[in-house]
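The next block holds one structure in the form of structure tokens; read it before the comments.
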Amino acid sequence: MRTDGHGGATPANAHVGTAEEPVDSSVAKGLDALTALARGPAGGRPRASAASAASVSELARRLGRDRSQLSRMLTAMAAEEFVARDDVSGGVAPHWRLYAAARDLTAHRLRTDGLTALEGMAAETGESCYLGVLVGDTTVTIAERVPPGSRQLGSWIGRPYPAYCSDCGQALLSDADDDEVAAVFARTEFLRHGPDTPTGLDDFLRRLAETRRRGYSIVDEEAEPGLYSVAVPVRDFTDEVVAAVQVVGPRRRLLPRTQECAAAALRWGGRLETALRGA
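So for the sequence shown, the UniProt record's numbering puts the first residue at 1; every next one is plus one.
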């Protein structure tokens, strides 16, 4: 039951949408239209950055719907800010508020479902596990799970570290092209933090190419002496990398277990990705 601006109640059996359609049918068709708009003419996974306005005629063809009925439905959806009309083309696209809400939900799930993923990884590997995001040219830990008996001093949550040598920097930048990576590090000085810290952009890009090929990163004494890590990128509903899960520990212990740690990170990172995508 919905209350209007005068405090009156809308009857529970009132129809929403066209007069001929029941509520559930109208809602389902509205969701179909939103999905089609978000995915675009190629029908791929929704991308906030790539969504473009579609004409009512084009959308009607894609959905196999009557144009006039679809137009009335989209007008009602625009009034409720589910879709927005483009002033130039006259087409429609998902309203930016939907993407903002989805981003907020993604941020929430990163911390809730992300912690669940870290708990699973830590239980399987017996090692410290972290969830990191990219902030400028640094990475920041937003969740961690450290096993009992760990010698870690303090928490890494909220602490930035240079992305060119951090445990998850390569994983977080794995879907960026070389020009985008160069822009991230345009003002970055590549200081040495470990025996094998990348010496500059070209060195980092060479390592990043290997990460892209593998599907996960291996950071071997780049962040600090004796430290070894495996990290896996995590994508959201736009199919863009928004975080990375990583297993971190002493090189002597993790190096022989690289494949085991990578398998655990891929498995739990995949589960987190599924949660972020709403599948």
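Glycine included, every Cβ here is placed at the ideal spot set by N, Cα and C.
query: F237 to D87, Cα distance in whole Å?
result: 27 Å
field: With 16 other Cβ atoms within 10 Å as the buried cut-off, status of A231
entry: Flag for A231 reads buried.
task: Report buried or exposed for H95, applying the criterion of at least 16 other Cβ atoms within 10 angstroms of its Cβ.
output: buried
Cut-off 7 Å between Cβ atoms - residues of its own chain near L191, not counting five sequence neighbours on either side: Close CB contacts of L191 within its chain, under the 7 Å cut and outside five residues either way in sequence, are absent.
task: Alpha carbon to alpha carbon, how far is C129 from C261? Give it in angstroms, no decimals.
output: 10 Å
task: Check each candidate in A186, H193, I218, E210 and name the one with the smallest Cα separation from L201.
output: Put simply, of A186, H193, I218, E210 the residue whose alpha carbon is nearest the alpha carbon of L201 is A186.
message: Three or more C-beta pairs under 8 Å: does that hold for the segment 151-160 against the segment 173-183?
response: With the cut-off at 8 Å, the segment 151-160 and the segment 173-183 do not touch.
- prompt: Among T274, W268, R277, G278, which has the Cα closest to the Cα of L131?
  reply: W268
query: Going by other Cβ atoms of all chains shown within 10 Å of its Cβ, with 16 needed for buried, is V27 buried or exposed?
result: A residue is called buried when at least 16 other Cβ atoms come within 10 angstroms of its Cβ; V27 does not meet this threshold and is exposed.
- prompt: Based on the DSSP secondary-structure assignment, which residues constitute the bridge partners of V92?
  reply: Per DSSP, the beta bridge partners of V92 are A54, R85.
query: Can you tell me whether G30 is buried or exposed, with buried defined as 16 or more other CB within 10 angstroms of its CB?
result: By the neighbour-count criterion, in which a residue is buried when 16 or more other Cβ atoms sit within 10 angstroms of its Cβ, G30 is buried.
message: Just to confirm the assignment: which complete alpha helix (DSSP H) runs, minimum length 4, are found wholly within the segment 96-149?
response: 96-125
field: Given P198 as reference, the closest of S89, S166, L172 once Cα atoms are compared
entry: Residue S166 is the option with its Cα nearest to P198.
query: For the alpha helix (DSSP H) that P169 lies in, which residues bound it at each end?
result: The sequence as given places Gly at residue 169; Pro does not occur at that position. 169-172 is the span of the alpha helix (DSSP H), which, as asked, contains G169.
task: Classify S229 as helix, strand or coil using the three-state DSSP reduction.
output: strand
- prompt: Using the beta-carbon count (16 or more within 10 Å), is A123 buried or exposed?
  reply: exposed
message: Helix, strand or coil for R159? Go by DSSP, reduced to three states.
response: coil
task: Give me the Cα-Cα distance between L205 and M73, rounded to the nearest whole angstrom.
output: 49 Å
- prompt: Where does G249 sit, in a helix, a strand or coil, going by DSSP?
  reply: Here G249 sits in strand by DSSP.
query: Among residues of its own chain, excluding the 5 on either side of residue 280, which ones have a beta-carbon nearer than 6 Å to its beta-carbon?
result: Any answer about residue 280 is impossible in this case: the structure gives the chain only from 1 up to 279.
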